[in-house]
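S.K.: In the working numbering, the protein residues as written are 2 to 669.
The beta carbon of each residue, even a glycine, is placed where N, CA and C say it ideally should be.
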DNA sequence: GGGGCACCACATT
DNA sequence: TTCCAAATGTGGTGCCCC
């Protein structure tokens, strides 16, 4: 396989900056003639040693691992593995459609151009729209210095000391964007915009009706845009959208490039085209294809088709081969509904809980406002966190019903956040998905698994999920809506209630430790408890991606005084099993089960555990962590489930309580 | 084994 | 001196459930 792996050296040595790949070291319109090496060195020097830089290196290392993995896979391939590609290519080739003419238009340095238009004194100056932390757009004057979009402002300043900064003004950009769109409408009423400054137009009809060429439409459209907005744009015309987009970049700024609707023209065009120019191929994919298969141009995709088919999924392979053939979308895509709505904020890193919750409150408010503006509600809330070390985490919970109010969002979001603390954070975000319009009639999703559980466990059970929610919701919000926020939680919550007919029962399974309502009434310092008890990191660290995964921890919720139950999912292969043992032992004792001796040791070891103290304060447990006699008697009198001895198949080994519960339950 | 879901990485502007 | 965004979509993966 060595022939396929044209593994390039990745720099290093006495020129470390050469291997520091950033988004801005790639070619971008207006950056020809820039001393790339100098720019790269400046960026490297300014980034070196920062948290951001360290995180980038971490990410690079993960990419490298993936590359190694793919190389190893590649080396194992036999002749049979790599013989199934020609049919695929023929199929794709058969789908080629040269009957449509697509035009892609892209405003030149849009934000910067609008600012200059509004304030002509900026003309000719190197301009950056953005802030010291991030540049959204750089004018062409600034690009000559290597300054570009997505670059932090302070690096821009270093590259170009005279760089002028302007704060973005989206209302302005929207206004100009609308002017441009009115022009697009004339050429294709079904045009679709991909951002404020870019759009695709199917100009097939216009060309036929008016008997003009794509080139003529392009010139005319650019003229009209300039006339209507005072701004310039660049245009690409090609038989499909993928190529049209590449074409619009060729003669930027204020230019156009037309690729005729001929197969040869297309294949010639893509033959030397770097894969990075293709939309959808970013930094990581580019590196992977290059370092595993030596692919740098689109045509090489076809040369390495056999390997691509053998190494990647069908979807990915189809995409890669289409790139090689110069195929792309030719039909106007159906209007797609919004899938999610989100907002996020970066701030200076903080580990101050109150500040973090304050930020969360603001985010919830923003998101609720945005949702309500569009009359949308959603079911899945995703919390995004970026730690001070730039590590990004997302945590999601799905509510039983559709929500959009700030209060509902916040209850859910708080639970997700609490489960992650303590953390030093530099960014938080909230995203709502599983959307539906308010006018729609959102069917409450059925819990098939839950139904099944009920059928299996207790036909007489008449559990009311929502009414089962805690009544001590301090927020006063309608906790019923999101009492159980995930399917698992609904299942477990109902299972708990079902098994015991007693909300004081604890339930756990291999990966879930759930603590229902009773905990919610404990007046403890929730922040400290929830963070001391079983954080994701405590239980094995962050889940790694894909095949490299060596530790598994998933989590959903933990102790939360606002909910009627809480939960924590932890992997059985916890790196700190003691804590899980302890918790399970604790659950055992609360349920009135006899504990295997190993739990006693665990408890001794963790006698200083904060929660134990709190429980003692509550007089639920005695000094050894067992239920007090009074509480035990009370529990036994109200719990119909017979007390069982928890057997240990192997001395000192942890037995998941859930297997016990589940077995027990199924027998009923 | 397939569908649904959650999580995450990647991509684009 | 210090400083690296926001919004959104897609696809892969792994898990659970049927």
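Kindly indicate which three-state DSSP category residue 275 falls into: helix, strand or coil?
M.R.: The answer is strand: DSSP assigns residue 275 an E or B state.
S.K.: At the level of alpha carbons, what is the spacing between residue 195 and residue 182?
M.R.: Straight-line Cα distance between these residues: approximately 12 Å.
S.K.: Closer than 8 Å by C-beta to residue 207: which residues in its own chain qualify, once you throw out the five before and the five after it? Chain order, please.
M.R.: Excluding positions up to five away in sequence, the list reads 188, 189, 213, 218.
S.K.: In or out: residue 124 buried (at least 16 other Cβ within 10 Å) or exposed?
M.R.: It is exposed - the Cβ of residue 124 has fewer than 16 other Cβ atoms within 10 Å.
S.K.: What separation, rounded to the nearest whole angstrom, lies between the Cα atoms of residue 413 and residue 419?
M.R.: If you take the alpha carbons of residue 413 and residue 419, they lie about 10 Å apart.
S.K.: How many angstroms separate the CA atom of residue 68 from the CA atom of residue 285?
M.R.: Going by the C-alpha atoms only, they are around 10 Å apart.
S.K.: Return the CA-CA distance between residue 111 and residue 287, expressed in angstroms with no decimal places.
M.R.: Using only the alpha carbons, I get a separation of about 27 Å.
S.K.: Could you round the C-beta distance between residue 271 and residue 327 to whole angstroms and report it? I think they count as a contact, below 8 Å.
M.R.: Contact holds; Cβ gap of about 4 Å.
S.K.: Could you tell me the alpha carbon to alpha carbon distance between residue 1 and residue 161, rounded to whole angstroms?
M.R.: The shown model of the chain, from 2 to 669, leaves out residue 1, and the question about it has no answer.
S.K.: Using three-state DSSP, classify residue 144 as helix, strand or coil.
M.R.: Here residue 144 sits in helix by DSSP.
S.K.: From what residue to what residue does the beta strand (DSSP E) around residue 295 run?
M.R.: That residue, residue 295, is in no beta strand (DSSP E); it is neither H nor E in DSSP.
S.K.: In chain order, which alpha helix (DSSP H) runs of at least 4 residues are fully inside the region 112-179?
M.R.: Runs found: 141-144, 154-160.
S.K.: Using a Cβ-Cβ cut-off of 7 Å (strictly less than) and excluding sequence neighbours within five positions of residue 53, which residues of its own chain qualify?
M.R.: So the qualifying residues of the chain are 391.
S.K.: Can you list, in chain order, the residues of its chain whose CB lies under 8 Å from that of residue 377, leaving out five sequence neighbours each side?
M.R.: Excluding positions up to five away in sequence, the list reads 339, 342, 405, 433, 436, 437, 438, 439.
S.K.: So, for residue 102: in the same chain, excluding its five sequence neighbours on each side, which residues have a beta-carbon less than 6 Å away from its beta-carbon?
M.R.: Excluding sequence neighbours, residue 102 sits near 204, 205, 208, 215.
S.K.: How is the alpha helix (DSSP H) around residue 208 delimited, first residue to last?
M.R.: From DSSP, the alpha helix (DSSP H) with residue 208 extends over 205-211.
S.K.: What are the partner residues of residue 96, as DSSP defines its beta bridges?
M.R.: Per DSSP, none; premise fails for residue 96.
S.K.: At 3 residues or longer, and completely inside the region 182-268: list those beta strand (DSSP E) runs for me, N to C.
M.R.: If we require 3 residues or more, the beta strand (DSSP E) runs fully inside the region 182-268 come out as 193-196, 199-203, 234-239, 257-259.
S.K.: Label residue 379 either buried or exposed according to how many other C-beta atoms from any shown protein chain fall within 10 Å of its C-beta, with 16 as the threshold for buried.
M.R.: Looking at its Cβ environment, which holds 16 or more other Cβ atoms inside 10 Å, residue 379 is buried.
S.K.: Measure the Cβ-Cβ separation of residue 388 and residue 361 and say whether it is below 8 Å.
M.R.: In this structure, residue 361 does not lie closer than 8 Å to residue 388 by Cβ.
S.K.: Taking only three categories from DSSP, how would you classify residue 339?
M.R.: Looking at residue 339 - three-state DSSP - the assignment turns out to be coil, as it is neither helix nor strand.
S.K.: By DSSP, does residue 86 sit in helix, in strand, or in coil?
M.R.: Looking at residue 86 - three-state DSSP - the assignment turns out to be coil, as it is neither helix nor strand.
S.K.: Count the other CB atoms, across all protein chains shown, that sit within 10 Å of the CB of residue 323; report buried if there are 16 or more and exposed otherwise.
M.R.: Residue 323 should be labelled buried.
S.K.: For residue 98, I'd like the list of residues in its chain whose CB is within less than 8 Å of its CB, leaving aside the five on either flank, ordered along the chain.
M.R.: Hits under 8 Å: 240, 241, 331.
S.K.: Counting C-beta neighbours from all protein chains within 10 Å, is the total for residue 509 16 or more, i.e. buried, or is it exposed?
M.R.: Low confidence applies here, because residue 509 scores a pLDDT of 30, under 50, leaving its location unreliable; read the following figure in that light. With 16 or more Cβ atoms within 10 Å of its Cβ, residue 509 is classed as buried.
S.K.: With distances taken from CA atoms, which of 174, 135, 191, 222 is nearest residue 166?
M.R.: When only C-alpha atoms are compared, the closest one is 135.
S.K.: Do the CB positions of residue 254 and residue 230 come within less than 8 Å of each other?
M.R.: No, they are not a contact pair.
S.K.: Determine the DSSP secondary structure at residue 390, reduced to helix, strand or coil.
M.R.: It is coil, neither helix nor strand.
S.K.: Using three-state DSSP, classify residue 54 as helix, strand or coil.
M.R.: Helix at residue 54.
S.K.: Just to confirm the assignment, what range does the beta strand (DSSP E) spanning residue 434 have?
M.R.: Its beta strand (DSSP E) spans residues 426-434.
S.K.: Confirm, please, whether the CB-CB distance from residue 352 to residue 417 is below 8 Å.
M.R.: No.
S.K.: By a C-beta neighbour count over all protein chains shown, 10 Å radius and 16 as the cutoff for buried, is residue 370 buried or exposed?
M.R.: Exposed, because fewer than 16 other Cβ atoms sit within 10 Å of the Cβ of residue 370.
S.K.: Quick one: Cα of residue 87 to Cα of residue 94, how far?
M.R.: Taking the straight line from one Cα to the other gives about 10 Å.
S.K.: Just the Cα atoms here: how many angstroms apart are residue 367 and residue 282?
M.R.: When rounded, the distance between both Cα atoms is 33 Å.
S.K.: Check residue 344 in the structure and name its three-state DSSP category.
M.R.: In this structure, residue 344 counts as strand in the three-state DSSP scheme.
S.K.: Measuring only the C-alpha atoms, how far is residue 357 from residue 249?
M.R.: Approximately 44 Å between the Cα atoms of the pair.
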